Amino acid sequence: MFSLYEFEFLGNRLAEYSILKNPLELFGLGIIIVAMIIVAFLAYQMFNSYRETKMAATLYWALAFGFLLIAVIFLIIEKVSYSTLGNRSLGDTMAIFALIFSGAAIVCFDIFSFHTTYPDRVKILTVIVSLIAAIYVGILVYSIILSYPHADVVNYELVYEPKTYIIVYCTLLPIILIAPSIFFYYSSKMRDNNPPNSIRARWMGIGLLFFAIGYITEVAPFLGELAIPFRIFFVLAGITLWICFRMPEWFKSKIGWTE
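Right, dumping it as structure tokens:
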């Protein structure tokens with residue numbers, strides 16, 4: 008029995024379709040590549056910083072970007088496998104690895120936010136978000152392994168059954184919105200006592216929110232190709248978080264930061 012993907016790929020091959028001839032798909036792939044470069048740079052910077060400071064929070068920050076870099080690489084191979092190579096099996100395998108590493112990145116972002124805001128509750132909060140993330144990733148991986156009709160590739164994007172999306176969003180939204188929410192709350196608490204730190208925390212929250220928007224729309228079943236422009240949020244997230252971490256002089260001056 009042929010899946011929707013097999014019919015679609017065969018039709019596009021007969022029509023000599025290529026991702027390189029679709030401006031929107033090419034734009035989306037370009038954004039992913041730019042995001043990969045930024046994430047690679049961030050991961051390198053963070054691991055160097057950890058070697059200098061040996062701080063646990065910095066380690067999780069570095070791991071988050073390291074896992075995210077690996078996830079983006081698998082995502083690129085996944086897209087090429089589905090759209091150009093016509094290799095559903097390879098694409099599914101890459102999708103599974105991308106899910107696992109992106110889920111690990113989300114958990115590390117959460118742990119970093121726990122370390123920098125509520126260090127006394129890190130262990131219990133880490134256990135909670137890790138269990139929820141395992142459910143989120145496990146449901147999607149299980150669906151991909153079962154394949155059609157539980158998961159199929161439409162317009163070269165993985166789609167799942169409606170009931171799967173209900174579970175996915177019930178588990179994804181809490182873990183991906185925890186980190187920005189914590190920084191926004193922390194920013195509001197620090198507003199009077201330490202305004203510069205409050206502003207920095209707010210921008211950290213904005214950067215993580217950019218990442219959340221990009222990630223959530225990437226797995227949204229109802230957007231289709233409309234989700235592609237939202238990938239720009241991954242780039243915005245990387246730039247914003249890098250500024251907050253590296254603290255260039257112009258940013259320090261803007262927020263009134265003093266050493």
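Numbering (this note's numbering), first residue to last: 8 to 266. We put the CB at the ideal spot given by N, CA and C, even for glycine. Note that this is a predicted model, so its numbers are computed, not measured.
Of the residues Trp249, Val166, Ile235, Phe240, the one whose Cα lies closest to the Cα of Gly35 is Ile235.
Around Ile139, the same chain offers Thr178, Pro181, Ile182 as residues with beta carbons nearer than 7 Å, after the five sequence neighbours per side are excluded. Looking at the backbone, the Cα of Leu184 and that of Asp199 are separated by about 25 Å.
If you keep only unbroken beta strand (DSSP E) runs of at least 3 residues inside the stretch 152-233, you get 158-161, 164-167. In this structure, the CA atom of Cys251 is about 12 Å from the CA atom of Met53.
The stretch 58-73 and the stretch 95-107 do not touch, with fewer than three beta-carbon pairs separated by less than 8 Å. The C-beta distance from Gly263 to Pro187 rounds to 23 Å, too long to meet the 8 Å contact threshold. When the beta-carbon positions are compared, Ile146 and Thr171 come within less than 8 Å of each other.
Ranking Val175, Ala50, Arg128, Asp127 by CA distance to the CA of Ser150 puts Val175 first. Boundaries of the alpha helix (DSSP H) harbouring Met101: 95-124, taken from the DSSP string. Under the criterion of beta carbons closer than 8 Å, Leu216 and Phe116 do not qualify as touching, at roughly 11 Å.
Shown here, Lys61 sits in coil according to DSSP, grouped into three states, outside any helix or strand. Taking one beta carbon from each stretch, the stretch 112-127 and the stretch 147-167 have fewer than 3 pairs nearer than 8 Å; the two do not touch.
The Cβ atoms of Thr224 and Phe237 lie closer than 8 Å to each other. Within a 10 Å sphere around the beta-carbon of Glu59 sit fewer than 16 other beta-carbons, which makes this residue exposed. For Arg253, the enclosing alpha helix (DSSP H) has its first and last residue at 239-253.
The beta carbon of Phe119 sits closer than 8 Å to those of Ala64, Tyr67, Trp68, Ala71, Ala186, all from its chain and outside the five residues before and after it, given in chain order.
About 19 Å separates the beta carbons of Phe81 and Phe48, which is beyond the 8 Å limit, so they are not a contact pair. One alpha carbon belongs to Phe258, the other to Ser56, and they sit about 19 Å apart. The C-beta separation of Phe218 from Phe191 comes to about 14 Å, leaving the pair out of contact by the 8 Å criterion. A check of alpha carbon separations from Trp210 across Leu106, Val160, Ser194, Thr123 identifies Ser194 as the nearest.
Here the alpha carbon of Ala42 sits roughly 14 Å from the alpha carbon of Ile220.
Within the model, the alpha-carbon separation for Ala111 versus Asn94 is close to 26 Å. Taking a 10 Å sphere around the C-beta of Ile173, we find fewer than 16 other C-beta atoms and assign the residue as exposed. Nearest in C-alpha terms to Ala50, of all of Gly73, Ile84, Glu164, Val134, is Gly73.
A direct Cα-to-Cα measurement between Ile39 and Leu233 gives close to 15 Å.
Only residues of its own chain outside the window of five on either side were considered, and among them Gly98, Val160, Tyr163 have a CB closer than 6 Å to the CB of Tyr89, listed in chain order.
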